[in-house]
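Numbering (the numbering used here), first residue to last: 2 to 400.
We put the beta carbon where it would ideally sit given N, CA and C, even for glycine.
What follows is the structure, encoded as structure tokens:
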């Protein structure tokens, strides 16, 4: 049974073709830096053959075409071999568990678009294009929010009039597949029962969030009802004093749409550094003495440090700290800056540990330093296998 998992991020599109008989990967690819001039499309076959193409992909529609064309040329004799497609959807509204896509499901996804304006338009476009190109397949929506359904009301409620909480305005959280996967992976690596562990997981990429996990259950997370709250991200602001928003709007005569565009697309690393939304570019510029890039790097790391402290108090202690996502796993500089000065709290980093092998050869990097009371791991997240399993579960229920 072949299941295609499509994971559309705000600046990337990942895809993986699974044979669910043994959960083996038949083909996988990633299109990065969508919307930037120096993008690339890398893919890998089951035999381990790898290719990377430099490309200029302006939007997610063009990225989807590249994905399907590559699958047809490199892996499949026909797209009809794909039994089902699992589509990553950021916000499912009333839906938390994976569900077969229907007009009603699409209506709910569209209703949530104002909450997730960066992600939902390309996700909706991708679903519609895939359905038209592969009408024979079962299309399943898997939601980023599912893992955080266990967050208690006192952590989920905002300090607004109670009627808004009754209407469903609450902390929802995202990156659930990543937080769930690296949590389980850490427990397996440490050979300890997940129920006995308190973890803080840091998914750091173009989108970023932290999660407090107690016994395998999410009890708090940095992202909220929308994809703006919490950490500084690639182009998103993260936390901003809400009282500042109308002040800026009045001073600069900005409409609500213009203000939202600033918060979602012109802020974060991009807005602070003036260099790029990509941390690799920001780090390189900071290394060469760019003061704004260094400030952006330091501000990003400080915000993560601050939230780790908050999650530490929520959990009442921490056994394991996990760094994941493209930045979290690969940037030793970011990890070092985040944990600088935290030795007294039990976080001691081995600064000599570096990612020296590919993600496949080194899925878990133990960067725990001597004397650390907390195990510190850099883990390659694998959201796609979690989504594929959820998709298969939906297929079995409908059988």
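| Item | Value |
| --- | --- |
| Own chain partners of residue 123 with C-beta closer than 7 Å, once the 5 adjacent residues on each side are dropped | 9, 61 |
| Rounded straight-line distance, which links the Cα of residue 349 to that of residue 341 | 9 Å |
| Contained beta strand (DSSP E) runs [length at least 3] in the segment 246-280, N- to C-terminal order | none |
| Beta-carbon separation (whole angstroms), residue 12 vs residue 35, contact threshold 8 Å | 5 Å |
| Whole-angstrom distance between residue 331 and residue 295, CA atom to CA atom | 18 Å |
| Supposed close pair residue 394, residue 99 - CB separation, criterion 8 Å | 7 Å |
| 7 Å CB neighbourhood of residue 384 in its chain, flanking five on each side removed | 8, 178, 179, 182 |
| Per DSSP, the bridge partner or partners of residue 223 | Answer is none; residue 223 lacks a bridge partner. |
| CB contact check: residue 67 to chain D, cutoff 8 Å | In the displayed structure, chain D is absent; only one protein chain is listed. |
| Residue 59 in three-state terms, based on DSSP | coil |
| Every unbroken alpha helix (DSSP H) inside the segment 30-82 [4 residues or more] | 61-75 |
| Residue 5 - containing alpha helix (DSSP H), residue span | No alpha helix (DSSP H) holds residue 5; the beta strand (DSSP E) holding it covers 3-9. |
| Any 3 or more C-beta pairs closer than 8 Å across the segment 243-252 and the segment 195-213 | no |
| C-alpha distance - residue 168 paired with residue 379, whole-angstrom precision | 38 Å |
| The beta strand (DSSP E) enclosing residue 204, as first and last residue numbers | 199-205 |
| Bounding residues of the alpha helix (DSSP H) (the contiguous stretch that carries residue 309) | 292-316 |
| Range covered by the beta strand (DSSP E) that runs through residue 140 | 139-144 |
| Residue 365 - containing beta strand (DSSP E), residue span | 365-367 |
| Endpoints, the alpha helix (DSSP H) within which residue 186 is located | 177-191 |
| Close Cβ partners of residue 326 (< 6 Å) along its chain, the five nearest in sequence each way excluded | 204, 205, 206 |
| Stretch pair the segment 313-320 + the segment 212-220: three plus CB contacts closer than 8 Å | yes |
| Between the CA atoms of residue 329 and residue 282 - distance to the nearest angstrom | 15 Å |
| Rounded distance between the beta-carbons of residue 199 and residue 23, thought under 8 Å | Rounded, the Cβ-Cβ distance is 33 Å, inconsistent with contact. |
| C-alpha gap between residue 31 and residue 335, whole angstroms | 23 Å |
| Whole-angstrom C-beta distance between residue 18 and residue 76, which should lie under 8 Å | 6 Å |
| Start-to-end residues for the beta strand (DSSP E) that takes in residue 322 | 321-325 |
| Identified DSSP bridge partners for residue 215 | 199, 218 |
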